[in-house]
Structure formats: structure tokens, C-alpha cells
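Comments concern the structure below.
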Amino acid sequence: FTPNTSEIHTTPFETDRCDLCDKLYNNKRRLPLKNSPNLFNFIGNLYYSLFQKRLSDDIVICAACYTRHSKTLKITNDTRMASHGTVEPMDYENAVDTTRSEAKVDVLTQNVPITIPPYSNKYCCICNAKFSTQRVITLSDDVRMNTFKFYLIYLRYTSRCCRSHLENNYMKSYAIDALNRNYPEASFVTYELLSTMIKEIQIELKRTSQSLITKYSSVWKKDQFRDLCTQVTMCNTDNRSIEMAIGCSLTKLRLGVSNKVLKTLFSFSSDRLVAQINDRAYKTLLKFFVPQHLGFQHKSRNDIINNHTRSSAKNLLANREDVAILILDGTYIYCQKSANNVLQRRLFSLHKNRPLLKPMIICAADRYIISAIGPYLSDWYNNDAAITKHILLNNKEEVQDWLVEKDIMIVDRGFRDCLDLVNSFGYTTFMLLFLPKSKKQFSTSEANNNRFVTALRWVVESVNGRIKTLKFFEHVVQNSSLLYVHGYLSIVSAIVSAYRSTFINDTSNDDYLSKAFLEKRNKQNELEAKLNDEERNKSEHWKKINADDCITDFPKLTEADLKDFTLGVLQLKQARSYALEHISEDGQYEIHVCKQQQNLLRANLQRITRHGKHKYLNQRSSSYMKLCEDAIEVSDLSSDKEDDDAISYSSA
């Protein structure tokens, strides 16, 4: 029954549409309803109960509506007469009223196959023990819903029981058996109680769905995921909610799984529906969320200087001036080989010997991602320098309007061919120096200048690592997804900037460290002069340290001190691997002390260069691994990745 809620026509045959279903008559019959009083009263009462409006006396309906409602009226009359056991003429209005009253009686109580124990403030709902002698607890919503989901036992709101019946938000097995034994498997429930049960089930399904979405879609907190969903404008549909659509798209990025797996995880009906939902979420995030958290126009230059520039960066490179400091680096996204020969040649990287795409990541000194431009093709035309030239000359994202003269760009050696162009715009560049062929190592001042750059540039490598924690970018991207790489990269970069904490949580020591750096910048290396003494380097002037020669006054360094020396945590994470590499077969690590100067130590270090004659391996030729199981003896069981890297992916 779909009546037309518009104004009812008062003149018969004046309209070309049925007044009930609003369909065109075409060649169908038109029937005035006033010619059938019983049917008119039946439809009129039904119409009034739905819309609180009275039908016009001149209403005209189509033959289809007339036939359908006539059958319904006949069934109602037959049911009424059968219940009385006689066939008598009836007044239709009385019949309708009687039927409604009987329906009300039927819905007052309904028999449902659910066990519903009574509840009391004095007795346990399971063992009927008095609470005066037992430890009592009010059942939480989790306990009640878990019992309802798994055992079809509905415990009322504020139900209480003995604390001994519970274990980890679940009823113990003997408690479930007692409930099934003491109470019937079916219960009569009122309409109000049934409505309450349905509402609680809806809340539980929504909570469980959101927990599942946040578990698989990201490593961020639930409130952050909900905040992300509130920043987009998207309609709920019968197939999915906003949270489910965004969660499905993020799950694809997080786990790198196919639409078939997503269909199973989110209980969708088909792969095609998953593709449609992902496409809708993809376009919505790009339209509403990304412009607010990514791009040179989403934050002003002063905001980056005041809120996202470390004081150590200003002290070391900018002489404490308020300038924008940007760190640029290109990363890799591997993709499939293409059957298109032209595209395959443009995608193939001679450096990596495989097809890939190259996006350009631009971040601030505290790792905040300002922009992610690209990706670009990876042939020899598009190295880091060529990509930077393209960005500046084409004024991508209006970067030339955002930057001003004397702003600083920190780059690696791959940008060497674009330095002249960047400097011609008035910007300052800092890059690691090249070692001349005539030298074996940098001078002290040159090495210190390189350390200034390294101390600040490493954050962009960590940003690339965070992006690669999403398996979509870590794995090989399918050719069918190449058109979406730019959008997904923008979405991930915006989410990282919006919700992930900075790499440098404590910057209170920046001024002290930068001051120490500047003081020692031009200081001569005293140890270098001692190492150049060939007489001192002879083996006869050194001896192995053993327990008898332990150094009691050796400085004790805290983890914070080591982080200051290594300029971060990367070298500390690799320290274990370095140490295991130099342990001999009998488990000893040889350290030598100078006989002439007790505070001078030396140890063997691994050196591997491209030249075979310079290679030194601590592994002896007689101790190669015999079986695959032996690999555990030399492998590092710890992970250098962040703790949250294994969340969600391992559970899938």
C-alpha cells in the first residue's frame, strides 16, 4: 500500500494517475471508490491510521488497487466469520474495530524462544542465594549481551548475581547450565520488553561492527577513527554505513587484501559491492578530508614555522631566523610489469631493476607531512632532481607562492642536479657533501657539516617508513590500481599528519644539543691525530681486555645519552645486529686497550664495500650453515619496526 500523500483530487476522471498508488492509468480501468462502500471504509480507515487524513468521497483508483484491496477485505471478513462459527452479514466498521482490538491483545505478550530469568535485588538470578551472604555484582552490558548472543538467555537490565559466576565478562559454564535447567526455554514477553531487547541488539551490533572496523582498518584509536568519519559528508545506505565504508577502504590500504577478502570480513554480498563502496569512500575522503590535512594550501607558512619547526633546525641551519625548513625525499612504490611496452619502459627503474612509481614527500622538521606530490614514472628522465624541477617550474600546489626567499630545503645527494635551479629562486639548500676521489674520508669540519644535515633529514625517511606500514604500499601494487595510487597516497599522508604523533616527542633538549653541535663544529679531532700515529697502531702496543683488566671508571651512558650520540633511535635498534656480527665462534667479543694510554680502546668493525678486496667477514668458511634451521643462530628475532606494525595484519 503506497498511497499518494499529495492533495486528493475531488473531480472524478480529472487525473491520469491513481489516487492511491500514483501510477499512470494508461489504458487501465478507472473505478470510483464510492461505488463500493465497504471497500471505501476499509481503505479509508487504513489510510487514516497511516497518515491521519481522510479520503475524499470522489477518489478514483486503478483496477490493480481495487483488486488488491478487495482481496484483503475478503480475507479479513472470512477470518472474522470463521472465528464466530457463523456466516452473518456484518457492519464493516464494527468488524474493523473488533479486529484492531484483537490485534492489540495479541501483541501485548508474545511467546519467544528465549530464556528470560527474573531479577531481584535480594536474590541471585542464577543460584537464588541471598546477597547478604554472597559477594554481589550488577551485570554489565557486555556480560548480558555475551550471554544473549551465545546462549539465547536474556538477562534484564540491572540484573544482579554472585561474583563467583563470572569470569572475564562471560558466564561460567555451570551458571549457564543452571539458567537452562531452572527456567523454561521459551518466555512470554511484552511489547515494551521486546522493543528494549531489539534496541540493545542494535547497539551491540553497531559497537561490534565499529570494533571490527577499527581493528582491521588502522592502528589508530577508536576516537580518532570516529573523528575521521565525522569530517566527511556521506549518506548511509541499506548496504553500509559511513563507518563501514571508510573502514572498508582503510582496511584495503592497511592489509593490502583483495575485494574477496573484504567481502568476507565485512559480510558484503558481492565483490562488486565492495568495489563500489571503496570507490565511494575514496572519492569522499579526497573531497572532504584530504584538503584539510594535506597540501601547501592547508597550512600557512607561518603555521609551519611556529608549530612544526624544531628549534634545533633553526639553530643549526638558519641562524635562529624564522624561515620555513622543508625536507624533500622521493620514495618507491613497486608495481606490476605492464604488457604495454611503452608504459613498462617508463616504469622500469635502472636503479632498482624493477618497475615502480616515485612520489615526492615534503615534510617539516618535526615529520609533519606538508605535501605528497606524484607519483611520477621512474625511468631515467624522472630522478629526484628532475621531479623537483618539475614541481618548481610548474608551481605545483602553488608552492612558489607559499615559499619566500631564504627558505631552506634539506635534500640528499640525489638532488644534486637541481641545486642551481633551487638556489636561483632564492631558496637555500643543504645537502650531504660528496667525498672527492683523492680522499679516503671527510675532514672533521666536512663530517660535522654532514652531521648537521643528517641530524635533521632522517625524519623524512621515517615518514616513508610509516607510509610503508600500510601493506598496500609495501606490497606490489596491481596495474588495475595504478590510477588510484595518487589518491590513496594523499589519503594516507593526510591521516598520518592528522592523527599520528610526532617522531620527536621531547624537544626540550634541542637547544642544548644544537649549542653543543655549534661549539664543536670547527674543533679539531684529537683522536684522529692519535690514529694517524703508525707506531701506535702496531699490534704490540695493544692487548685484549679480560676480566682482570676491566675498566672501573668507564663512563656509564643512559639511553638518552646514546640517543643524543646516534641522533635518534635507528642506530640503537641496529646495535644488537652489529654486536652479533662481531661475536666470534666461541661467543667472545674482542676489545683491545692501548698499553700506553689506558683510556684508548679499539675493536674490529665490519667493513663491506663494493670492492671485493675490501670485504671482511667475521663468519669463517668452515662454519657455513648446514641446514635451514641453523639460520636462527644468526638471525635477529627482534623487529626494527614500530610496535603497532603487526597489529591488525597479523590478526587477519
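The UniProt record's numbering puts the first residue of the sequence shown at 1, with every later residue one more than the last. Note that the Cβ used here is the ideal one computed from N, Cα and C, for glycine as well. The model shown is predicted, which means the values in this text are computed figures rather than measured ones.
Span separating the alpha-carbon of residue i from that of residue j
{"i": "L433", "j": "N450", "result": "7 Å"}
{"i": "Q368", "j": "D303", "result": "The question names Gln, yet the displayed sequence has Tyr at residue 368. Y368 and D303: Cα-Cα distance of roughly 12 Å."}
{"i": "D19", "j": "T67", "result": "15 Å"}
{"i": "K314", "j": "A455", "result": "12 Å"}
{"i": "V112", "j": "A186", "result": "6 Å"}
{"i": "V143", "j": "V290", "result": "40 Å"}
{"i": "G247", "j": "R602", "result": "54 Å"}
{"i": "N464", "j": "Y376", "result": "16 Å"}
{"i": "S481", "j": "K406", "result": "40 Å"}
{"i": "Q231", "j": "A498", "result": "12 Å"}
{"i": "T566", "j": "L572", "result": "7 Å"}
{"i": "N532", "j": "Y578", "result": "26 Å"}
{"i": "A516", "j": "N395", "result": "39 Å"}
{"i": "K222", "j": "C229", "result": "11 Å"}
{"i": "L580", "j": "S312", "result": "34 Å"}
{"i": "F131", "j": "Y183", "result": "20 Å"}
{"i": "D510", "j": "R310", "result": "8 Å"}
{"i": "T115", "j": "R135", "result": "25 Å"}
Proximity below 8 Å, CB of residue i to CB of residue j
{"i": "T251", "j": "L265", "result": "yes"}
{"i": "L31", "j": "F40", "result": "no"}
{"i": "A245", "j": "A281", "result": "yes"}
{"i": "A372", "j": "H308", "result": "no"}
{"i": "R160", "j": "N121", "result": "yes"}
{"i": "K389", "j": "L421", "result": "yes"}
{"i": "C335", "j": "V477", "result": "yes"}
{"i": "Y174", "j": "N146", "result": "no"}
{"i": "residue 656", "j": "L317", "result": "The structure shown does not extend to residue 656, since the chain spans only 1 to 652, so no value can be given for it."}
{"i": "C127", "j": "P118", "result": "no"}
{"i": "residue 655", "j": "I277", "result": "Lying outside 1 to 652, the shown extent of the chain, residue 655 is not represented and no answer is given."}
{"i": "I545", "j": "I583", "result": "no"}
{"i": "N525", "j": "T444", "result": "yes"}
{"i": "V460", "j": "I333", "result": "no"}
{"i": "L286", "j": "I61", "result": "no"}
{"i": "N382", "j": "K358", "result": "yes"}
{"i": "L253", "j": "Y48", "result": "no"}
{"i": "D541", "j": "Q596", "result": "Note that residue 541 is His in the sequence shown, not Asp. Yes. Within cutoff."}
{"i": "F296", "j": "V404", "result": "no"}
{"i": "F415", "j": "L273", "result": "no"}
{"i": "R457", "j": "D417", "result": "no"}
Outcome for residue i when other beta-carbon atoms lying within 10 angstroms are tallied against a minimum of 16
{"i": "C235", "result": "exposed"}
{"i": "W380", "result": "exposed"}
{"i": "F425", "result": "exposed"}
{"i": "E243", "result": "buried"}
{"i": "P467", "result": "Just to set this straight, residue 467 is Ile in the shown sequence, not Pro. Answer is buried; the Cβ neighbour count reaches 16."}
{"i": "F225", "result": "buried"}
{"i": "I330", "result": "Ile is not the amino acid found at residue 330; the sequence shown has Gly there. So G330 counts as buried."}
{"i": "R29", "result": "exposed"}
{"i": "T233", "result": "exposed"}
{"i": "S258", "result": "exposed"}
{"i": "F430", "result": "buried"}
{"i": "I198", "result": "exposed"}
{"i": "K626", "result": "Because the pLDDT of K626 is 46, which lies under 50, any placement of that residue in the model is unreliable, and the number read from its coordinates should be weighed accordingly. Counting Cβ neighbours within 10 Å, K626 comes out exposed, since fewer than 16 surround it."}
{"i": "I410", "result": "buried"}
{"i": "L262", "result": "buried"}
{"i": "D16", "result": "exposed"}
{"i": "A494", "result": "buried"}
{"i": "M562", "result": "Residue identity check: residue 562 is Leu in the sequence provided, not Met. Exposed is the call here."}
{"i": "D586", "result": "exposed"}
CB contact check: residue i to chain B, cutoff 8 Å
{"i": "P359", "result": "Absent from the structure is chain B; it holds one protein chain and no more."}
Contact set for residue i: own chain, Cβ-Cβ below 6 Å, skip 5 residues either direction
{"i": "I137", "result": "R163"}
{"i": "R610", "result": "Legend: pLDDT at R610 = 49, less than 50; position of this residue unreliable, no value from coordinates given."}
{"i": "L55", "result": "G44, Y47"}
{"i": "N353", "result": "none"}
Cβ-heavy atom distance, residue i to the ligand FMN, below 7 Å
{"i": "S241", "result": "Of ligands this structure carries none, so the ligand FMN is not represented either."}
Own chain, CB closer than 8 Å to residue i, minus 5 neighbours either side, in chain order
{"i": "residue 706", "result": "No information on residue 706 is available, as it lies outside the stretch 1 to 652 that the chain covers here."}
{"i": "A129", "result": "Y123, C162"}
Own chain residues within Cβ distance below 7 Å of residue i, not counting five before or after
{"i": "L435", "result": "F442"}
{"i": "K260", "result": "D271"}
{"i": "R320", "result": "K314"}
{"i": "F288", "result": "Q231, V232, T233"}
{"i": "N35", "result": "none"}
{"i": "R240", "result": "I277"}
{"i": "K53", "result": "Y47"}
4-residue-minimum alpha helix (DSSP H) runs that sit fully inside the UniProt domain "DDE Tnp4" (328-481), ordered along the chain:
341-347, 384-393, 399-402, 419-424, 444-468, 471-474
Along the chain, which unbroken stretches of the alpha helix (DSSP H) at least 4 residues long are found entirely within the stretch 153-199?
Runs found: 173-182.
If we require 3 or more residues per run, which beta strand (DSSP E) segments fall completely within the stretch 573-612?
591-594, 601-603
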